[in-house]
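> Note that the sequence shown covers residues -27 to -1, 1 to 66 in mature numbering (1 follows the signal peptide of the UniProt record, and there is no 0).
Virtual Cβ for every residue (Gly too), placed ideally from N, Cα, C.
Here the structure is a predicted model, which is why all the values come from computation and not from measurement.
Can you read through this structure? Questions will come right after.
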Amino acid sequence: MNSVISVCLLATLPLYCLLLTVGKGEGQFVPGRCECYDTKTTVRGPLSDLKVTFKGVTCSTDQIIVVVKRTSEPVCVNPKGPQGKQLLHCWKM
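And the structure:
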């Protein structure tokens, strides 16, 4: 009887180790995931989209990403610049 219990415990030990390892990996902090590394002070032309991401655990700065209608390319706007401040003000309204 004791040998059956020992075999069962030894068989389930790797499963417990695997579950402990997977559980720890889900909540790990991944630094430096900012989307904007190069920002523009102003962007000219009509905009088709606006995305604002406030600073948090993955990025230490606020990020403003706009899409210019004529190019359809995302452009990062400096949140401390005049246009960035205006966009943030409109976003918070």
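1. Return helix, strand or coil for P52, following the three-state DSSP convention.
2. Per DSSP, which one or two residues make a beta bridge with Q36?
3. My assumption, with CB atoms under 8 angstroms, is that V39 sits in contact with D11. Please give the rounded CB distance.
4. Could you pull the DSSP bridge partners for V16 from this structure?
5. Using a 10 Å radius around the Cβ and a threshold of 16 neighbouring Cβ atoms, would you call G29 buried or exposed?
6. Going by beta-carbon coordinates alone, are Q56 and V48 separated by less than 8 angstroms?
7. For T15, which residues in the same chain have their Cβ closer than 8 angstroms to its Cβ, ignoring the five residues on either side in sequence?
8. Thinking C-alpha only, which one of K42, V25, R43 is nearest D35?
A quick look at the data gives this:
1. Correct three-state label for P52: coil.
2. For Q36, the pairing in a beta bridge is given by DSSP as T26.
3. In this structure V39 is not in contact with D11, their Cβ atoms being roughly 14 angstroms apart against a cut-off of 8 angstroms.
4. Residue pairing of V16 in beta bridges, as defined by DSSP: absent, with no partner found.
5. Exposed: under 16 other Cβ atoms inside 10 Å.
6. Taking 8 angstroms as the Cβ cut-off, Q56 and V48 do not qualify as a contacting pair.
7. Excluding sequence neighbours, T15 sits near V50, G54, P55, Q56.
8. Nearest neighbour of D35 by Cα position, chosen from K42, V25, R43, turns out to be V25.
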